[in-house]
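Numbering (the numbering used here), first residue to last: 1059 to 1271. From the three backbone atoms N, C-alpha and C, an ideal C-beta is built for every residue, glycine too. Just so it is clear, the structure is predicted and the values come from calculations on it, not from any experiment.
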C-alpha cells in the first residue's frame, strides 16, 4: 500500500530539486559562464571545428567590486560570442527560457574577434602583392592571429570595408580565417547589446586545452 504522505513529501522534494537546478543553471549561464562548441572553421587557426570552449559572462556586467560603471566592455582582440544583427530574437516565455537555460535553444550565435571599436576609423586595404590589411585610424593593425593575409574575401561595393567611422556603441567583428568568415564585412557593425560573452578557454579536446588569445 502506498504511503500518501511519504509520496507527497518525495514528490515535493523532487520538484524542489528540479526548480533549484533550473534556477542555478540560469544564474550560472546568465551571470558567470557557459560552455559552447565551435561548428565552423571561421576562427582558424585560433579555434577549429569541434573545439569546446568556456564563455565568460562577466564582460557584460559592471565591475561590482570597484563601482557600478560598465568598465568591462569588449576590447580589441577579444573573442566574443554574439547574436548577429540579422538574427531576430523571440521573447515568448518558451524562447526566453530556452535562451536562459540552453535547453532546446535554436537562436543562431556567432563567434568572431573584436577588431574595430566605437568611434574608430576602419578600413581594409589590399597591397600590390594581394595581401589584405586592416587599418585603424589610418594605422595598419598587427594581426598575428589570422589564418593568412592573402586568403581574404575580396571587398565589393556592397561590403563594409571602409573607410568609415564605427558608430558609438558598435563594434566591427571579424573571423581569424578571413577567407572563410561571414562577419562585419558582410552585415555591418554589431551593437554591444548583442554580445553573449567572451570566449576565454578551450577545454576539449585535451590536446588543445588552453587559454584563448
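In three-state terms, what does DSSP make of residue 1128?
Model confidence at residue 1128 stands at a pLDDT of 48, short of 50, so the residue's coordinates are unreliable; what they give is reported in the following sentence. Note: residue 1128 maps to coil in three-state DSSP.
DSSP three-state call for residue 1092: helix, strand or coil?
Three-state DSSP puts residue 1092 in a strand.
Counting Cβ pairs, one atom from each stretch, are 3 or more of them under 8 Å apart for the region 1210 to 1225 and the region 1177 to 1185?
The region 1210 to 1225 is in contact with the region 1177 to 1185.
Using a Cβ distance threshold of 8 Å, determine whether the region 1229 to 1242 contacts the region 1166 to 1183, with at least three qualifying pairs required.
Yes, the region 1229 to 1242 is in contact with the region 1166 to 1183.
Using the three-state DSSP reduction, which class does residue 1166 fall into: helix, strand or coil?
Residue 1166: coil per DSSP, three-state reduction.
According to DSSP, residue 1140 sits in a beta bridge with which residue or residues?
In DSSP, residue 1140 forms a bridge with 1168 and 1253.
Since residue 1110 is in the alpha helix (DSSP H), which residue starts that stretch and which ends it?
Under the DSSP assignment, residue 1110 falls outside any alpha helix (DSSP H), being part of the beta strand (DSSP E) whose first and last residues are 1110 to 1114.
So is residue 1248 buried or exposed if we call it buried at 16+ other beta carbons inside 10 Å?
Residue 1248 is buried by the Cβ-count criterion.
Is the region 1257 to 1265 close to the region 1110 to 1117, with three or more CB pairs under 8 Å?
Yes: at least three Cβ pairs fall under 8 Å.
By the 10 Å Cβ neighbour count, where 16 or more other Cβ atoms means buried, how is residue 1253 classified, buried or exposed?
Buried, by the Cβ-count rule.
Identity of the residue in 1168, 1154 and 1136 nearest residue 1145 by Cα:
Ranked by Cα distance from residue 1145, the first of 1168, 1154 and 1136 is 1168.
Compare the C-alpha of residue 1158 against each of 1093, 1134 and 1200 and name the closest.
Nearest of 1093, 1134 and 1200 to residue 1158, Cα basis: 1093.
For residue 1234 versus residue 1134, is the C-beta spacing smaller than 8 Å?
No, these two residues do not count as a Cβ contact at 8 Å.
Please name the residue, chosen from 1237, 1071 and 1267, that lies closest to residue 1188 on a Cα-to-Cα basis.
It is 1237.
Identify the continuous beta strand (DSSP E) that holds residue 1192 and give its terminal residues.
Residues 1190 to 1194.
Relative to the alpha-carbon of residue 1220, which residue among 1161, 1099, 1190 and 1082 has its alpha-carbon at the smallest distance?
Nearest of 1161, 1099, 1190 and 1082 to residue 1220, Cα basis: 1190.
Just the C-alpha distance for residue 1071 and residue 1064, rounded to the nearest angstrom, thanks.
In a straight line, the C-alpha of residue 1071 is about 11 Å away from that of residue 1064.
The alpha helix (DSSP H) enclosing residue 1244, as first and last residue numbers
Start and end: 1242 to 1245.
Quick one: residues in its chain with C-beta nearer than 7 Å to the C-beta of residue 1198, no 5 flanking neighbours on either side, listed in chain order?
So the list reads 1191, once near-sequence residues are dropped.
Along the chain, where does the beta strand (DSSP E) containing residue 1155 start, and where does it finish?
Where residue 1155 is concerned, there is no enclosing beta strand (DSSP E), although the alpha helix (DSSP H) it sits in stretches over 1151 to 1159.
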